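Participant:
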Amino acid sequence: MTREQALELLQQHLKNRNLVKHCLAVEACMKDFALHFGLDPEPWALAGLLHDLDYEYTVQNPAEHTEKTAEMLAAYVLPEEIIHAIKSHNMRVEPSSKMDFSLLTIDPASGFIIACALMHPEKKLQSLDLPFLKKRFKEKTFAKGASREQMAGCVKLAMTLDEFLMLCLGAMQKISAELGL
180 MTREQALELL QQHLKNRNLV KHCLAVEACM KDFALHFGLD PEPWALAGLL
230 HDLDYEYTVQ NPAEHTEKTA EMLAAYVLPE EIIHAIKSHN MRVEPSSKMD
280 FSLLTIDPAS GFIIACALMH PEKKLQSLDL PFLKKRFKEK TFAKGASREQ
330 MAGCVKLAMT LDEFLMLCLG AMQKISAELG L
């Protein structure tokens, strides 16, 4: 599957533009994490781009989230590691690889960082820095849907929270125009 095919699938199955932007943000982060670990960024990017492909179908039944994605992707020749990572971000399977743990931690982090940008006076990703992110991270009522526990799982990637947040932020800043931030 090419990135273009994956984008077509997103456009076909996700009507909420903000959800598409979320997938783009996760894709960018996953790509940079793969590069950080010295691994091939293409499968990582596809896992990030496609991880919420079924979200609009399963929003009322979260237990089915990622299972429908796996069914939708069965017709494509994708490495099993991509499907496993997608399923592990919803804990449908136990995360076991760097790709799995990266997607599990990046998913909430991308939403958290977007929320930080929207709260910043300039409303731009380029204006964010680590102290701003860490201050908001400590505020449990800020971006409540972004699991701090999942993000703190970055220790399983041998990364500090600071390193993790900055790698995510840097990846998202590279595509800030696409994200509209």
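Whatever position you read off the sequence shown (first residue = 1), add 179 for the numbering used here.
Yeah, the Cβ is synthetic: ideal placement off N, Cα and C, and Gly gets one too.
The model shown is predicted, which means the values in this text are computed figures rather than measured ones.
Let me know the secondary structure DSSP gives F280 once reduced to three states.
Facilitator: Note: F280 maps to helix in three-state DSSP.
Participant: Quick one, which of A288, D286 and F311 has its alpha-carbon nearest M298's?
Facilitator: The residue with the shortest Cα to Cα distance from M298 is F311.
Participant: Within the same chain, show all residues whose beta-carbon is closer than 7 angstroms to that of F316, passing over the 5 residues directly before and after it, in chain order.
Facilitator: Excluding residues within five positions, the ones whose Cβ falls inside 7 angstroms are R327.
Participant: Below 8 angstroms between beta carbons: does that hold for L186 and L232?
Facilitator: Contact: no.
Participant: If I follow the unbroken alpha helix (DSSP H) through V199, where does it start and stop?
Facilitator: Where V199 is concerned, the enclosing alpha helix (DSSP H) stretches over R196 to H215.
Participant: Assuming the contact rule is C-beta atoms closer than 8 angstroms, F291 and A325 should be a hit. Round their C-beta distance to whole Å, please.
Facilitator: F291 to A325, Cβ: 4 angstroms. Contact.
Participant: Return yes when the C-beta of R315 is under 7 angstroms from any heavy atom of the ligand SAH, and no when it is not.
Facilitator: Absence of the ligand SAH is noted for the structure shown, with no ligands found whatsoever.
Participant: Taking a contact to mean a Cβ-Cβ separation below 8 angstroms, would you say P222 touches P274 in this structure?
Facilitator: No, Cβ-Cβ distance for P222 and P274 is not below 8 angstroms.
Participant: Looking at C-beta atoms only, is the number of pairs between the segment 239–259 and the segment 275–295 that lie closer than 8 angstroms three or more?
Facilitator: The answer is no - the segment 275–295 does not touch the segment 239–259, with fewer than three Cβ pairs under 8 angstroms.
Participant: Could you tell me the distance, in whole angstroms, from the CA atom of N446 to the CA atom of L228?
Facilitator: Residue 446 falls outside the range modelled here, since the chain spans only 180 to 360, and no answer is possible.
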